[in-house]
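Report on one structure; see the data block that follows.
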Amino acid sequence: MSDTPELNRTAPAAARLPEILRLLHAEYPDAACALDHRSALELLVATILSAQCTDERVNKVTPALFARYPDALALAEADRTELEEMIHSTGFYRNKAKNIQEACRRLVTVYDGQVPANMADLLTLPGVARKTANVVLGTSYRIADGVVVDTHVKRLSERLGLTAQSDPEKIERDLMALAPQDDWIDLSHLLIFHGRRVCDARKPKCSACVIADLCPSAPRYSDVG
DNA sequence: ATCCCGAGGG
DNA sequence: CCCTCTGGAT
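Position 225 of the first sequence, counted from 1, bears residue number 225 in the working numbering, the numbering being contiguous throughout.
Quick look at the structure:
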């Protein structure tokens, strides 16, 4: 598009972001939450399980989990050991089982068994911080209170020069300042899809990346040869 | 900063 | 073997 790719990749983030989003949206028109769920509660549980674990693996355990424990009360009253066994393969299973159960107990006692649709109340649930709350708010309630900053969004934001921060909450503030609120939910899904398929942690496929020209971390053609 | 934790890829 | 995967609490 431009005659001077160097200018693009060194341009301010605010100037590059709209084009980055446009290109990624064309590349991943169906980018969306990849955690299987049928309700806000199922998404909340799936998101807690997704910590340091692929969504694919979470999707392997949740069908049986949700069949066995169909609502917050069932999870609140579940046998802890049985719950741990059902989610064992997702890792961190003691912490995750405890958080899921304690969160569900609070949902039952304080929120009438419903998942609250606002950030402040979600953050009172054990095991729920801004990342998880943003996933539930954005996907289940269509509320863009912030930007989901997971391991992919963090890595890509750093590589793309969208932030100079390393703390996820500071990265989130930078992204919220860079993108219009209507793009906040989509932004995370696009970066996550791109992070999984192209810009992976180990060996990013820069030669196959549609936004390489806009990325300060991508090798230049003169370097590649 | 450290701990929790399993599974898959390189 | 080492690194990574839609983190959060201490």
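Yeah, the Cβ is synthetic: ideal placement off N, Cα and C, and Gly gets one too.
Here the structure is a predicted model, which means the values were calculated and not measured.
Beta carbon of Pro168 nearer than 8 Å to that of Lys131: Locating residue 168 in the first sequence gives position 168, counting from the first residue. Locating residue 131 in the first sequence gives position 131, counting from the first residue. It is a contact, given that the beta carbons lie within the stated cut-off.
Any 3 or more C-beta pairs closer than 8 Å across the segment 78-98 and the segment 6-23: Look at the beta carbons and you see the segment 78-98 not touching the segment 6-23: under three pairs across the two are nearer than 8 Å.
Three-state secondary structure (DSSP) of Gly138: Sequence index remark: in the first sequence, residue 138 carries index 138 (1-based). In the structure shown, the three-state DSSP call for Gly138 is helix.
Option in Ala51, Thr81, Ala46, Thr54 with minimal Cα separation from Phe66: The sequence position of residue 66 within the first sequence is 66, counting from 1. Checking every option, the nearest Cα to that of Phe66 belongs to Ala46.
Exposure of Gly91, with buried meaning 16 or more beta-carbon neighbours within 10 Å: For the purposes of this step, residue 91 is identified with residue 91 of the first sequence, where counting begins at 1. Here Gly91 is exposed, its C-beta having fewer than 16 other C-beta atoms within 10 Å.
Between the CA atoms of Asp174 and Arg196 - distance to the nearest angstrom: Residue numbering aside, residue 196 sits at position 196 when the first sequence is read from its first letter. Residue numbering aside, residue 174 sits at position 174 when the first sequence is read from its first letter. C-alpha of Arg196 to C-alpha of Asp174: approximately 22 Å in a straight line.
First through last residue of the alpha helix (DSSP H) which encompasses Ile100: Taking the first residue of the first sequence as 1, we reach residue 100 at position 100. Unbroken alpha helix (DSSP H) run through Ile100: 93-110.
Inter-stretch contact (C-beta, 8 Å, three-pair minimum) for the segment 140-153 and the segment 99-110: Below 8 Å, too few C-beta pairs join the segment 140-153 and the segment 99-110 to call them touching: fewer than three.
Leu24 versus Arg80 - alpha carbon distance: In the first sequence, residue 24 corresponds to position 24, counting from 1. In the first sequence, residue 80 corresponds to position 80, counting from 1. Just so you know, the alpha carbons of Leu24 and Arg80 end up roughly 42 Å apart.
Three-way DSSP call (helix, strand, coil) for Cys206 in this model: Walking along the first sequence from the start, residue 206 turns up at place 206. Note: Cys206 maps to helix in three-state DSSP.
Reduced DSSP category for Ile143 - H, G, I as helix; E, B as strand; rest coil: To locate residue 143, count along the first sequence from 1; it is residue 143. Note: Ile143 maps to coil in three-state DSSP.
CB of Cys53 within 8 Å of CB of Thr139, strictly: If you number the first sequence from 1, residue 53 lands on position 53. If you number the first sequence from 1, residue 139 lands on position 139. The Cβ-Cβ distance between Cys53 and Thr139 does not fall below 8 Å.
Run of the alpha helix (DSSP H) containing Leu175, from where it starts to where it stops: Start at 1 with the first residue of the first sequence, and residue 175 comes out as number 175. From DSSP, the alpha helix (DSSP H) with Leu175 extends over 168-178.
Rounded C-alpha distance that separates Pro63 from Asn95: The residue you call residue 63 lines up with position 63 of the first sequence. The residue you call residue 95 lines up with position 95 of the first sequence. Cα to Cα, the separation comes out at about 20 Å.
Buried or exposed by the 16-neighbour rule on C-beta atoms within 10 Å, applied to Pro116: Numbered from its first residue, the first sequence carries residue 116 at position 116. Looking at its Cβ environment, which holds 16 or more other Cβ atoms inside 10 Å, Pro116 is buried.
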